[in-house]
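The block underneath contains the structure these notes are about, expressed in structure tokens.
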Amino acid sequence: MLEKNFDPKSAEPRLYAQWEESGLFAPREDASETYSIVIPPPNVTGSLHIGHALNNTLQDVLARYHRMRGKAVLWLPGTDHAGIATQMVVERQLAAAGNVGRRDMGRDAFVETVWKWKAESGGTIVRQLRRLGASCDWSRERFTLDEGLSAAVRKVFVQLHKEGLIYRDKRLVNWDPHFQTAISDLEVEQKEVDGAYWHFAYPLADGVTYEHPVAFDEDGQATEWETRDHIVVATTRPETMLGDTGVAVHPDDARYSGLVGKSVILPITGRRIPIVADDYADPTKGSGAVKITPAHDFNDFQVGKRAGLAVINVMDQYGRIKSSTFDDFSFGHRAEVDGVQMADEALTGEAVSEAIPADLRGLDRFAARKAIVARAEEEGWLKQIEKTRHMVPHGDRSGVVIEPWLTDQWYVDAKVLAQPALKAVEQGDTVFEPKSYEKIYFEWLRNIEPWCISRQLWWGHRIPAWYGPNGEIFVAETEEEARAQAGDLPLTQDEDVLDTWFSSALWPFSTMGWPEKTSDLKRFYPTSDLVTAADIIFFWVARMMMMGLHFTGEAPFKRVIINGLVRDEKGQKMSKSKGNVIDPLEIVDEVGADALRFTMAILSGTRDIKLSKQRIEGYRNFGTKLWNAARFSQMNECERVAGFDPAGVTSTLNLWIRGELTKAERATSAALEAGRFDEAAQALYRFVWNVFCDWYLELAKPVFQGADEAAKAETRAMTAWALDQTIKLLAPVMPFITEELWAELGKAGAPRDEGMLLGAAWPELPDALVDAGAEAEIGWLIEVVEAIRALKGEMGVATTKPPLTFIVPEPATAARVERHRDLLAGLARVSDVAVADQAPSGAVSFVAGGGAAALTLAGLVDVAAERARLDKEVKAIEADVVVFSKKLDNPNFVARAAPEVVQEQRDKLAGAQADRARLEAARERLAALG
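Just so you know, this note's numbering puts 765 at position 686 of the sequence shown, and the rest follows in order with no gaps.
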């Protein structure tokens, strides 16, 4: 006999150990059809968060489902070396222990230390995924820095370089002055901060003046002008003015049309810079004139390219103003010869530090800002300080303000690689689910920029490039090959490592052994599905598409399933600072993994998943409901019968549950095939709770308690069979409780021909198991009982037993009444079931099951009190209707609010209107009682 309750704390570790020992996580060798999916590799530094719980639950549901369908399933796990995150963790540990920093240790010693940390602490998230129930093939676990993947990375780099698709260039990057490295857009966090626009007057060169409008009429036409010998620009970053090489105005801005081609004198430096026309300047913002600093702003860099402006870098890698001419040449990747670093001939312009006042050289950028503003105020060219709150980019790891910075980096020609990736989705080789996410994919690839792939770190794939004494570059997979190319030249390897996303872009095929032609690559590539989040469609999905197509000739996956973002119950993003983070491991400790997994699945159909602990606890009750149903079946001696064939049952009840189970299997299978996890979970919930437990087992009770032994035996066998099939259907979503039930229920009755549930076959029930007659018969009974229950609830007499009368029923209905008289009386809680020509006096009529009926409620209802209650509820509902309608009638709300927010209001309005209609119908019925 089952224990009273399922205990996930003791059962889950035991069951997971059994799964691993069984070897069933590995692909079966005898299957002709395959299903493969690669895990989005979590950072090796990471711990399981709620986003991981969602993403990996959905992957595991797919893996378990297809495994039960008899396919050879490969769910390939692994972790990402997470360059900047891992390096930061280890550096902090070194500092906390009082050890020397990495630069004092030297590269080799530091990297060795990181490997030791990885061996000791890098497996945390892998262990946590096991607690979630992830059925990955751990024997194939990969790491983005393991030997095989490192070889693949080097090969890809060298081949792309040979093809001219990897090259070095001097461009702007997101620069983190704390870590002294370029970082990706994904590692940049925009924070709203207090700041200011400082309005500076740049004097016009050569004594030029112009008439600037200062007053306007109602139509916006200038009515007064003043003569100016300067042009006003505004900036939130005064320190960058040291690198200004132009001022831009809009070509259609009449105020400045006569100044285009003229020059201004840059304050402080005295440098002469041109005024150029460019659409980037917005005449409606500020003065309409914009200072252009190509080396320190991404938009300015593009303006500078169009206008042919000089590019002057005025900061060093620490975010300080340059302090010597050597700073112009001190950063890059030139080789050292006899301890001297060679100059980079590609640097644009003259050495600029000599033009920077001595009192600014070497200052931190924010100290320089204060000094420049103070000087502007003192010299009279500060015209205005405008306080503002604005978004400023910060490093998500370092927390410091990111500096757009001009430096030498390695780039991938992403535009060339993007074309096949675009075509693959356009022609349907790879599809997105939901399809709407294709728009994000297309938009990014069609406007793609060169991809910066070098990082100034020590932990990662070191760039396979070596430099000769005069800047010669030799790219090769090994140092031996590079030396063969270089001859007798002394070589130094590039100090940088590759962007973590570079190795991750190779993940689907490198993890299967590429460039070797392995059996896994042949059997499981391309993969079937990728499950991931929308925010990395461009950082990861698109890049995997580009690399997979370029190096294998095939798109790396057939379908991309995008999961939503988990938010708190109010729809706010979870963050530690808000205190609204839900820790999935705490949830697993409290209620078990199954409740969390089912919640993730059933809520997965929206872009923003509103999650609360109460909701998860509610789905724990769903597991309890199933457990109790199994206990009930045991108490009523429901056991498997050898040779039982559901096609041979005869009772209407068993014909009905057989058909309902078949429909549930169809709905669940179709939803999982389509990647609609929410629809699958809803179908399972409805069948288990509303159909099997609430109706079938309730309707079976009289059979179990009756004297008809043949009916009892058939219903016991059907219950055992249906429970087995139900457990199978639930297994992909709730694997722990179903595996436990499978094992415990397997101890009684005829032996199964299947072992663990993990390796059992998915139910495939034929359409012939649906019996229309039984569906109509039991459907009628359920409809009538539910109508009576609802009516009694509305009238406030739910606990009473009024008489029930069917009014002039059709012959078929009258026969049903007679067949189910006892069930109606018991399930609907009525004192009597009768048939009459008209409704009795003091009765409330209703329609259900295709006919009219009445409940005699005279004397059971306090009419005045009930009328007052209904009036109060209707008034409250009408107020809600007004609020929701007012919002939806506002065109600004409908146009500007997120689609899901608008839909939420529409759903609330529809619900309120339905409640109002129900209450008004109850008031009308009440009138019949006087």
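Even for Gly, the Cβ is constructed at its ideal location relative to N, Cα and C.
Minimum C-alpha distance to residue i - residue among the options
i: lysine 689; options: Val670, Lys652, Gln713, Glu696; result: Lys652
i: arginine 148; options: Pro919, Ala261, Tyr114, Val267; result: Tyr114
i: threonine 324; options: Asn122, Val390, Arg541, Ala989; result: Val390
i: alanine 455; options: Ala280, Trp859, Arg694; result: Ala280
i: proline 499; options: Gly539, Asp578, Met625, Val393; result: Met625
i: proline 317; options: Leu228, Arg444, Ala301; result: Arg444
i: aspartate 159; options: Thr165, Pro120, Gly592; result: Pro120
i: alanine 446; options: Val491, Met394, Lys494; result: Met394
i: tryptophan 484; options: Ile352, Ile861, Phe380; result: Phe380
i: arginine 622; options: Asn392, Asp599, Trp523, Glu199; result: Trp523
i: glutamate 305; options: Gly650, Thr260, Val912, Pro292; result: Pro292
i: glutamate 512; options: Lys83, Arg686, Leu239, Asp724; result: Arg686
i: aspartate 308; options: Leu321, Ala284, Ala1006, Ile886; result: Ala284
i: threonine 124; options: Gly162, Asp950, Asp109, Ile641; result: Gly162
i: asparagine 659; options: Thr590, Arg646, Gln984; result: Arg646
i: threonine 363; options: Thr731, His329, Phe603, Leu585; result: His329
i: glutamate 170; options: Val923, Asp475, Phe258; result: Phe258
i: tryptophan 706; options: Ile400, Thr805, Ile640; result: Thr805
i: alanine 1000; options: Ala869, Arg985, Ser920, Ala894; result: Ala869
i: serine 951; options: Ser924, Ala922, Leu998, Ala976; result: Per the sequence shown, the amino acid found at residue 951 is lysine instead of serine. Of Ser924, Ala922, Leu998, Ala976, the residue nearest in Cα terms is Leu998.
8 angstroms Cβ cutoff met for residue i and residue j
i: phenylalanine 588; j: glycine 643; result: no
i: cysteine 772; j: lysine 871; result: no
i: proline 842; j: lysine 807; result: yes
i: asparagine 733; j: methionine 797; result: yes
i: alanine 386; j: valine 355; result: yes
i: histidine 540; j: serine 582; result: yes
i: isoleucine 481; j: aspartate 255; result: yes
i: histidine 131; j: lysine 270; result: no
i: glycine 365; j: alanine 313; result: yes
i: alanine 261; j: valine 272; result: no
i: leucine 127; j: proline 663; result: yes
i: lysine 518; j: valine 311; result: no
i: phenylalanine 972; j: lysine 987; result: no
i: glycine 367; j: aspartate 361; result: yes
i: aspartate 673; j: proline 87; result: yes
i: valine 864; j: leucine 903; result: yes
i: proline 811; j: arginine 143; result: yes
i: threonine 315; j: tyrosine 276; result: yes
i: phenylalanine 48; j: glycine 697; result: The displayed coordinates of the chain run from 80 to 1009. Any statement about residue 48 would go beyond what the structure contains.
i: glutamate 856; j: arginine 895; result: yes
Sequence-distant residues of the same chain with beta carbon closer than 6 angstroms to residue i, five excluded per side
i: leucine 682; result: Ile688
i: glutamate 818; result: Leu94, Leu836
i: aspartate 994; result: Ile956
i: alanine 68; result: What the structure shows of the chain is the stretch from 80 to 1009, and residue 68 is not part of that stretch, so it cannot be assessed.
Cβ distance (whole Å) where residue i is taken to contact residue j below 8 angstroms
i: proline 529; j: aspartate 264; result: That belief does not hold up - the Cβ atoms of proline 529 and aspartate 264 are roughly 13 angstroms apart, past 8 angstroms.
i: phenylalanine 756; j: alanine 680; result: 4 angstroms
i: arginine 638; j: aspartate 608; result: 5 angstroms
i: proline 884; j: glycine 929; result: First, the residue type needs correcting, since residue 884 is threonine and not proline in the sequence shown. Not a contact, Cβ separation roughly 16 angstroms.
i: isoleucine 532; j: tyrosine 490; result: 7 angstroms
i: glutamate 833; j: alanine 827; result: The pair is not a contact, with the Cβ atoms about 16 angstroms apart (cut-off 8 angstroms).
i: valine 770; j: glutamate 739; result: 5 angstroms
i: valine 190; j: tryptophan 538; result: 6 angstroms
Residue i Cβ short of 7 angstroms to the ligand ATP heavy atom set
i: threonine 631; result: Among the components modelled here there is no ligand, and therefore nothing to report on the ligand ATP.
Same chain only: Cβ atoms within 8 angstroms of residue i, ignoring 5 sequence neighbours per side
i: alanine 294; result: Ala301, Thr302, Glu303
i: valine 419; result: Since pLDDT at valine 419 reaches only 35, below the 50 mark, its modelled position is unreliable, and the value read off the structure follows with that caveat. Excluding residues within five positions, none has a Cβ falling inside 8 angstroms.
i: valine 168; result: Thr124, Trp196
i: valine 916; result: A quick correction: the sequence has aspartate, not valine, at residue 916. Taken in chain order, the residues that qualify are Ile886, Val887.
i: phenylalanine 405; result: Note that phenylalanine 405 scores 43 on pLDDT, short of 50, meaning its location in the model is unreliable and no value can be drawn from it.
Other residues of its chain near residue i: CB distance less than 7 angstroms, five sequence neighbours each side excluded
i: valine 416; result: At valine 416, the pLDDT of 31 sits below 50, so the modelled position is not reliable; the number obtained from the coordinates is stated separately. For valine 416, where only same-chain residues beyond five positions count, the Cβ hits under 7 angstroms are Pro548, Pro569.
i: leucine 776; result: Ala708, Phe711
i: arginine 233; result: Pro543, Glu556
> Enumerated in chain order, which unbroken segments of the beta strand (DSSP E) with a length of 3 residues or greater are wholly contained in the segment 217 to 266?
Replying inline: 245 to 255, 260 to 262
>> Suppose only complete runs of 4+ residues qualify. What are the alpha helix (DSSP H) ranges in the segment 83 to 115, listed by chain order?
In response: Counting whole runs of 4 or more residues, the segment 83 to 115 contains the alpha helix (DSSP H) stretches 87 to 101.
>> Runs of 3 residues minimum, wholly inside the segment 873 to 932: which ones carry the beta strand (DSSP E) assignment?
In response: 883 to 886, 912 to 915, 922 to 927
> Mind pulling the beta strand (DSSP E) runs of 3 or more residues that sit fully within the segment 710 to 754?
Replying inline: If one requires a minimum length of 3 residues, no beta strand (DSSP E) run lies completely within the segment 710 to 754.
>> I'd like the ranges of any alpha helix (DSSP H) spanning at least 4 consecutive residues and lying wholly in the segment 545 to 629.
In response: List check, alpha helix (DSSP H) in window: 558 to 565, 579 to 583, 586 to 589, 598 to 603.
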